[in-house]
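Just so you know, we're using the working numbering here: the sequence shown kicks off at 976 and counts up by one.
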Amino acid sequence: MKKGILRDLYSGFESFFYGLKGVRERKLRTLIIIPVLLSVVVMVLIFFAAGNLYDLLLEHYLPDKSGFFIKTLRTILWVMFWVGFILLNAFLFTVLANLISSPFNAVISRRVLVDLLNKRMEDSGGIITELKRTIPSELRKILYFLPRWIFLLILGFIPVLNIIIPFLLFLFTAWSFGFEYLSYPMENDGIYFRDQLEMLRKRRYAVIGFGAAVSLGMSIPLINLLVIPVSVIGATHLWVKMDESRV
């Protein structure tokens, strides 16, 4: 049993690196570059909007900049704001980037499936058609995972429990990432949310192994911009391995 668990963990983790090879394919380049650029633009706009709004709030509530105490307080508040924003940004960027890239990810996964299975698949109708399908799917996943993630964070404030919560958070985050990207090839095969949950729970260790690799990639600044398409390609490879009867 232990060998089976380790094999699944390794199989999932290894599949992420297949995505690193696949992301260099020329035919996928446009599908990768466009959502990355859109995500960067959106995050830059949020960055400046949040900074300007916070500055307006400080001007309203702490208009007098002449006193030493006020100057010190404003500096402390700015430091707290940017630290909080940077911490939130890691989560916010992932959510927004996944929403923005979701229709592109579906097409990427479909093309990788065609290559891996060496057979034609029914045309999905392009990015606009995928947009209508993938955005509701992404929102459903967010509504499923976010409350559970917040619940674990809250448990982290309880003495004794807070010793194991970081480990549980890592496992849950890995599971969430694994599910997120495996959903693309599964939806391309006509398998949707509830059935995805049921099927992936049976291969949870492979999902967690893959998600752990994604989590590590997401933690590296700048590199995390390319982790989404890498993860989609890697997850598609993992899905084909999970369903070996098709190959």
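We put the CB at the ideal spot given by N, CA and C, even for glycine.
All figures in this text were calculated on a predicted structure; none of them were measured in a lab.
Across the segment 1166-1175 and the segment 1040-1056, are there enough close Cβ pairs to call them in contact, namely three or more that are closer than 8 Å? no
Please give the ranges of any alpha helix (DSSP H) in the segment 1141-1212, keeping only runs that are unbroken, at least 4 residues long and fully inside the region. As far as the segment 1141-1212 is concerned, its whole alpha helix (DSSP H) runs of at least 4 residues are 1168-1177 and 1179-1193.
Taking the Cβ atom as the reference point for each residue, do P1078 and T1109 lie within a distance shorter than 8 Å? As a working note, residue 1078 is residue 103 in the sequence shown. As a working note, residue 1109 is residue 134 in the sequence shown. In this structure, T1109 lies closer than 8 Å to P1078 by Cβ.
Smallest Cα separation from D1164: which of W1214, R1178 and D983? To locate residue 1164, count along the sequence shown from 1; it is residue 189. Among W1214, R1178 and D983, the Cα nearest to that of D1164 is on W1214.
Since L1144 contacts L1127 with CB under 8 Å, what's their CB separation in whole angstroms? Residue mapping note: residue 1144 aligns to position 169 of the sequence shown, counting from 1. Residue mapping note: residue 1127 aligns to position 152 of the sequence shown, counting from 1. Distance from L1144 to L1127 at the Cβ level is roughly 5 Å; contact confirmed, criterion being Cβ atoms closer than 8 Å.
Cα-Cα separation, T1104 to A1025: Here residue 1104 refers to the residue found at position 129 of the sequence shown. Here residue 1025 refers to the residue found at position 50 of the sequence shown. Using only the alpha carbons, I get a separation of about 33 Å.
Are the beta-carbon atoms of L1013 and I1075 separated by less than 8 Å? On the sequence shown, position 38 is the one that residue 1013 refers to. On the sequence shown, position 100 is the one that residue 1075 refers to. Closer than 8 Å, so yes.
Could you tell me the distance, in whole angstroms, from the CA atom of V1082 to the CA atom of G994? As a working note, residue 1082 is residue 107 in the sequence shown. As a working note, residue 994 is residue 19 in the sequence shown. Approximately 15 Å between the Cα atoms of the pair.
Here's the rule: buried if 16 or more other CB atoms are within 10 angstroms of the residue's CB, otherwise exposed. What is I1125? Position 150 of the sequence shown, counted from the first residue, corresponds to residue 1125. Residue burial annotation: I1125 is exposed, with fewer than 16 other C-beta atoms found within 10 angstroms of its C-beta.
Terminal residues of the continuous alpha helix (DSSP H) containing R999? Locating residue 999 in the sequence shown gives position 24, counting from the first residue. Taken as a continuous stretch (DSSP letters only), R999 belongs to no alpha helix (DSSP H), as it is neither H nor E.
In chain order, which continuous runs of the alpha helix (DSSP H) of length 4 or greater are located wholly inside the segment 1037-1109? 1043-1092
In the structure shown, what three-state DSSP assignment does V1011 receive? For the purposes of this step, residue 1011 is taken as the residue at position 36 of the sequence shown. Helix, per DSSP.
Can you give me the Cβ contacts of I1140 inside the same chain, cut-off strictly under 7 Å, excluding the 5 residues immediately before and after it? In the sequence shown, the residue the question calls residue 1140 occupies position 165. Only L1127, L1130 and G1131 meet the Cβ criterion.
Cβ distance (whole Å) where G1184 is taken to contact F988 below 8 Å: Taking the sequence shown and counting its residues from 1, one reaches residue 1184 at position 209. Taking the sequence shown and counting its residues from 1, one reaches residue 988 at position 13. At roughly 4 Å, the Cβ-Cβ gap stays under 8 Å, so G1184 and F988 are in contact.
With 16 other Cβ atoms within 10 Å as the buried cut-off, status of N1080: Here residue 1080 is taken as the residue at index 105 of the sequence shown, counted from 1. In summary, N1080 is buried, with 16 or more beta-carbon neighbours lying within 10 Å of its beta-carbon over all protein chains present.
Suppose you measure from the CA of R1004 to the CA of F1022; what does that come to, to the nearest Å? Within the sequence shown, residue 1004 is the residue found at index 29, counting from 1. Within the sequence shown, residue 1022 is the residue found at index 47, counting from 1. When the Cα atoms are used, R1004 and F1022 turn out to be separated by approximately 27 Å.
Tell whether a beta-carbon distance below 8 Å holds between L1201 and V1016. Within the sequence shown, the letter at position 226 stands for residue 1201. Within the sequence shown, the letter at position 41 stands for residue 1016. Cβ distance not < 8 Å, so L1201 and V1016 don't count as in contact.
I need the DSSP call for I1021, collapsed to helix, strand or coil. In the sequence shown, counting from the first residue as 1, residue 1021 sits at position 46. I1021: helix per DSSP, three-state reduction.
Closer than 7 Å by C-beta to A1187: which residues in its own chain qualify, once you throw out the five before and the five after it? Chain order, please. Here residue 1187 is taken as the residue at index 212 of the sequence shown, counted from 1. Excluding residues within five positions, the ones whose Cβ falls inside 7 Å are F988 and A1149.
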